[in-house]
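Numbered according to mature numbering (1 follows the signal peptide of the UniProt record, and there is no 0), the sequence shown spans residues -18 to -1, 1 to 774.
We put the beta carbon where it would ideally sit given N, CA and C, even for glycine.
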Amino acid sequence: MLLPHLITLAIGATIVQARFDPSRFLWYTSPANNFTSTLPLGNGRLGAAVWGSAVENVTLNENSIWSGQFMDRVNPDAYGALHPARAMLQDGNITAAGQLMLAKTVGSPDEPRSYHPLGSLVLDFGHSDSDMANYTRSLDLLKGRASVTYKYHGVAYSREYVASHPAGVIAARLRASEAGRLDVTVSLSRGLYVEQNVAIVGNGTGSVKLRASTAALHGIGFSAEARIAPHGGRISRNGATVVVSGATTVDIFIDAETSYRHDDKTAWEAEIDRKLDAAVHCAFPAIEEAAIADHQGLAGRVYLDLGSSGSAGYLPTDVRLHRYKTNPDADPELQTLMFQFGRYSLIASSREIGTFPLPPNLQGLWNEDYEPAWGGRYTVNINLQMNYWPAGVTNLADTLPPLISLLETVRPRGQDIARRMYHCDDGGYVLHHNTDLWGDAVPVNNGTKWTMWPMGGAWLVENLMEHFRFTQDTTLLKERIWPLLRSTAQFYHCYLFSFNGYLSTGPSISPENAFVVPDDMTQTGKEEAIDIAPTMDNSLLSSLFLSVIQTCKILGINNTDTAQAASSLARIKPPQIGSYGQILEWRKEYEESEPGHRHMSPIFGLYPGTQMTPVINSTLAAGAKILLDHRIAHGSGSTGWSRAWTINLYARLFDGDSAWNHTRVFLQKYPSANLWNTDAGPGTAFQIDGNFGFTAGVAEMLLQSHAGVVHLLPALPSAVPKGNVSGLVARGNFLVDIEWSSGKLTWARIAARAGGKLTIRVQDDAQFTVNGRPYTGAIASKHGEVYEISAH
């Protein structure tokens, strides 16, 4: 029974409740009992998951440790199937077209590389879980620091952990409250392909070193080292372990380097020595101070107050989650905590690191499995894109460059596949629904509902354009985003074909959904997915060609790119309305095989796109809402990431109460004990995307700016009548603070960080003043100026 355990935890919590801000800390009164109750740390490259057991197990990750080297998986028969399949689709032979495409386009092998764990740092203190008293384990989202404290046989012990971006290491300090009472044995372990595991002691310090590969053949090679620096006591070696006896404090610094970023073992081990030598020289207090300052400089940019939870907020996090299932109104700070946890996770898993930075994958940075769910790869028919939804609006634009770097890796691979699969040889690149750290662009898996979707590049480049819209960084736009944007468009100028008067994709899918073949087509009644020009494809292409036109205007480019984009844009089929007022998903109103499907692909144009938003097209917005309501009524939102998407969609429809309700459902069903999003609830696969989507959804209720308007409180839920937020960012690079009371805006401040046209709207089109004068229209803002808004 869970309840007695929770009661015990709650009683114990009263001792320490004042220590932990309910909007800032995750904390627990027992060690982690599975991976999804650990405390995650990361510096954008190295990850650590702290279990906090008597025998500590810190699961370690390095984001370039994947299952092997690049594989050329392309099917040589792919191009020969393209035009016959198109002809079949045009003739209504849906089933045969799908069978042909799967037979001739699936790669060999059918999946690219998978994400692997590094291994574990094991710290054996000679303690037992049953004898630990006054136990507390916590994660500070503002400082980026994890802590474990307890008493054992009358002595207080503590462990502090940080993942330092400035130093490029993970650092830990172990302490005993009494001099000479700290004993610990330190080792590194890994289950597969270990080539060397040794311990070295000398000059008062020790090291445990691990060298391994990710496969018997063609793996990624790497080395990891933990450098141990005790204060007092004795240090010795026992096989592959370092033994510290009679110390008071022990500092540990960890690094790992791989063949992905270094030419050979000599080079990567020299880099490990450089980082660890520097860390030991600086010592733990300086490493920790710099790590906290760096993390807090990002995490502290946004403050959010959605109301106080009172005593309900001072309980351990796992207890709060359990109570929230039956009484969500008592703990509004859990929404705030989850919002900040999403921002924390993005900072921890996506940073510039110099050479070949990588974005967060399906598990972000944290993984203990050699066969993680869906390979822990980059799934690009929603999941990788969702990872960056909160980046711009929650003031973390600094985290996006790793995504640009990945696309720069994808581009030459995708150009090769564009030539070989589609005979497109004009510099354009293609990306299907999945990729890995090598930029693999070949179709992935072998399934009618997901394999043949050549739209990954079109969606991902829109993430890059959003980055520009938030930052107004024209240098980055010109030097890195424009080459990717142009190459993306070049592929579609070649690939698209004319069908019923429109430029169309095909064979393609509406990601992972299927329909029943109708009576006027062959093999009626059979579930299929491959077709011509699904609505999502058309919406993505419209966004793509608009972005090309806008970028050419901003950069002063006057060439065929603009003309081609304008010509193609005019020939993309607009969204269609179905028999009950809904946005259609496919070219015809097929019968849905799964009316409550988890993907919201046909209304991409509502969010994260703009084509169907109320301020741009009220008719399409109404159709999008009908489809959204229909999906939800039939069970959509069945995964954590899907439920997070619904939060954003309802916010875009200005329906704050529905958006807020979906934050509640998300918190009641999907988070694991450490707040990680799961596929279908605790015990199912961990996916980081839902955490990022949740954070974006909360922000979208408070601030929108996609239509050239800084819209304050567009979807404020009635459940949050009073609150404030500071540090959000609107497109155009406007920094926004907002306060509200009794469900209405009371005050806001907008700081122009780039200057330019500033158009403002307040919830429900209420009247307001700017700097004491009635607002009458757009303001020509200037860089550095601040505009104060007050309600009438």
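Pro354 to Val392 span [Cα, whole Å]: Position 372 of the sequence shown, counting from 1, holds the residue named residue 354. Position 410 of the sequence shown, counting from 1, holds the residue named residue 392. Taking the Cα positions, Pro354 is about 22 Å away from Val392.
Is there at least one non-hydrogen atom of the ligand NAD closer than 8 Å to the beta-carbon of Gln278? Of ligands this structure carries none, so the ligand NAD is not represented either.
Go through its chain and collect everything with a Cβ distance to Asp276's Cβ below 7 Å, but skip five positions before and after it. Against the sequence shown, residue 276 aligns to sequence position 294. If we look at Asp276 and ignore the five residues flanking it on each side, its Cβ neighbours are His147 and Pro148.
Any chance the stretch 40 to 58 sits against the stretch 340 to 349, with 3 or more Cβ pairs inside 8 Å? The count of Cβ pairs closer than 8 Å, one atom from the stretch 40 to 58 and one from the stretch 340 to 349, reaches three, so the stretches are in contact.
One question on the structure: do Gly228 and Leu164 come within less than 9 Å of each other, judged by their Cβ atoms? The sequence position of residue 228 within the sequence shown is 246, counting from 1. The sequence position of residue 164 within the sequence shown is 182, counting from 1. Result yes, Cβ atoms of Gly228 and Leu164 sit closer than 9 Å.
Classification of Pro339 by the beta-carbon crowding that lies within 10 angstroms, buried from 16 upward: The residue given as residue 339 occupies position 357 in the sequence shown. Pro339 comes out buried.
Report the CB separation of Gly214 from Ala161 in whole angstroms; it is logged as a contact under 8 Å. As a first step, residue 214 is located in the sequence shown; it is residue number 232 there, counting from the start. As a first step, residue 161 is located in the sequence shown; it is residue number 179 there, counting from the start. Contact holds; Cβ gap of about 7 Å.
For Asn377 and Leu649, believed in contact at Cβ under 8 Å, the rounded distance: On the sequence shown, residue 649 is found 667 positions in, with the first residue counted as 1. On the sequence shown, residue 377 is found 395 positions in, with the first residue counted as 1. Incorrect: roughly 23 Å between the Cβ atoms, too far for contact.
Can you give the beta carbon distance from Ala208 to Val190, rounded, assuming they're within the 8 Å contact cut? The residue labelled residue 208 in the question sits at position 226 within the sequence shown. The residue labelled residue 190 in the question sits at position 208 within the sequence shown. Between Val190 and Ala208 the Cβ distance is about 5 Å, and since that is below 8 Å, they are a contact.
Gln669: buried (16+ other C-beta within 10 angstroms of its C-beta) or exposed? What you label residue 669 is simply residue 687 of the sequence shown in a count that begins at 1. Flag for Gln669 reads buried.
Secondary structure, alpha helix (DSSP H): runs of 4+ residues fully inside the stretch 455 to 536: Listed in chain order, the alpha helix (DSSP H) elements of length 4 or more contained wholly in the stretch 455 to 536 are 464 to 477.
Name, in chain order, the residues that DSSP records as bridge partners for Phe7. Working through the sequence shown from its first residue, we reach residue 7 at position 25. Asp122.
Residues that Tyr132 bridges to, as DSSP identifies them: Here the question's residue 132 lines up with position 150 in the sequence shown. Beta-bridge pairing by DSSP links Tyr132 to Tyr139.
Which value, in whole angstroms, describes the spacing of the CA atoms of Pro500 and Gly563? If you number the sequence shown from 1, residue 500 lands on position 518. If you number the sequence shown from 1, residue 563 lands on position 581. Approximately 20 Å between the Cα atoms of the pair.
Terminal residues of the alpha helix (DSSP H) in which Pro372 lies: In the sequence shown, the residue the question calls residue 372 occupies position 390. Pro372 -> alpha helix (DSSP H) spans Trp371 to Val375.
When the Cα of Asp746 is compared with those of Ile585, Asp246, Pro596 and Ser575, which residue comes out closest? The count along the sequence shown starts at 1 and reaches residue 746 at position 764. For Asp746, the nearest C-alpha among the options comes from Pro596.
Please name the residue, chosen from Trp627, Gly560, Ala552 and Leu82, that lies closest to His579 on a Cα-to-Cα basis. Here residue 579 is taken as the residue at index 597 of the sequence shown, counted from 1. Ranked by Cα distance from His579, the options Trp627, Gly560, Ala552 and Leu82 are led by Trp627.
Beta-carbon proximity of Asp639 to Arg55, cut-off 9 Å: Here residue 639 refers to the residue found at position 657 of the sequence shown. Here residue 55 refers to the residue found at position 73 of the sequence shown. No. Outside cutoff.
So what does DSSP say about Pro383, is it helix, strand or coil? Locating residue 383 in the sequence shown gives position 401, where the first residue counts as 1. Under the three-state reduction of DSSP, Pro383 is assigned to helix.
Considering only residues of the same chain and omitting the five flanking positions on each side of Asn753, which have a CB-CB separation below 8 Å? Counting from 1 along the sequence shown, the entry for residue 753 is found at position 771. The beta carbon of Asn753 is closer than 8 Å to those of Tyr769 and Glu770 in its chain, skipping five residues each way along the sequence.
Simplified DSSP assignment, three categories, for Trp623: Along the sequence shown, read from residue 1 onward, the residue named residue 623 stands at position 641. Shown here, Trp623 sits in a helix according to DSSP, grouped into three states.
Residue of Thr487, Ser724, Gly591 and Thr645 minimising C-alpha distance to residue 781: A question about residue 781 goes unanswered here, because the residues of the chain that appear run from -18 up to 774.
Taking only the alpha-carbon atoms, compute the straight-line gap between Gly672 and Ser624 and give it to the nearest angstrom. What you label residue 672 is simply residue 690 of the sequence shown in a count that begins at 1. What you label residue 624 is simply residue 642 of the sequence shown in a count that begins at 1. Cα-Cα distance, rounded: 7 Å.
Is the stretch 189 to 205 in contact with the stretch 215 to 226, if contact means three or more CB pairs nearer than 8 Å? Verdict: yes, contact present.
Three-state secondary structure assigned by DSSP to Gln51: For the purposes of this step, residue 51 is taken as residue 69 along the sequence shown, with counting starting at 1. Coil.
Kindly indicate the opening and closing residues of the alpha helix (DSSP H) around Trp441. Numbered from 1 along the sequence shown, position 459 holds the residue referred to as residue 441. Run containing Trp441: Gly438 to Thr453, per the alpha helix (DSSP H) assignment.
From the DSSP output, which residues share a beta bridge with Gly101? Position 119 of the sequence shown holds residue 101. According to DSSP, which records beta bridges pairwise, Gly101 is partnered with Leu42.
Tell me which residue opens and which closes the beta strand (DSSP E) that Tyr326 is part of. Indexing the sequence shown from 1 puts residue 326 at position 344. Looking at the DSSP string, Tyr326 is not in any beta strand (DSSP E); the run it does join, the alpha helix (DSSP H), is Glu315 to Ser331.
Between which two residues does the alpha helix (DSSP H) carrying Ile76 extend? Numbered from 1 along the sequence shown, position 94 holds the residue referred to as residue 76. Judged by DSSP secondary structure, Ile76 falls within the alpha helix (DSSP H) whose first and last residues are Ile76 to Thr87.
Distance, Trp9 Cα to Gly289 Cα: Your numbering for residue 289 matches position 307 in the sequence shown. Your numbering for residue 9 matches position 27 in the sequence shown. In this structure, the straight-line span from the alpha carbon of Gly289 to that of Trp9 is close to 20 Å.
Can you list, in chain order, the residues of its chain with a C-beta nearer than 6 Å to that of Thr751? Leave out the 5 residues immediately preceding and following it. Locating residue 751 in the sequence shown gives position 769, where the first residue counts as 1. Same-chain partners within the cutoff: Ser772.
Please state whether DSSP places Lys739 in a helix, a strand or coil. The count along the sequence shown starts at 1 and reaches residue 739 at position 757. In this structure, DSSP gives Lys739 an extended state, which the three-state scheme calls strand.
Return yes when the Cβ of Leu385 is within less than 9 Å of the Cβ of Ala471, no when it is not. Counting from one through the sequence shown, the residue named residue 471 turns up at place 489. Counting from one through the sequence shown, the residue named residue 385 turns up at place 403. The Cβ atoms of Ala471 and Leu385 do not sit closer than 9 Å to each other.
DSSP state of Phe107 mapped onto helix, strand, coil: By one-based count along the sequence shown, residue 107 stands at place 125. In the three-state DSSP reduction, Phe107 falls in the coil class, being neither helix nor strand.
Could you give the DSSP three-state label for Arg68: helix, strand or coil? Here residue 68 corresponds to residue number 86 of the sequence shown, with the count starting at 1. Helix, per DSSP.
Determine the burial state of residue 804: buried for a count of at least 16 other Cβ atoms within 10 Å of its Cβ, exposed for fewer. Within the shown structure, residues of the chain are numbered from -18 to 774, placing residue 804 beyond reach of any answer.
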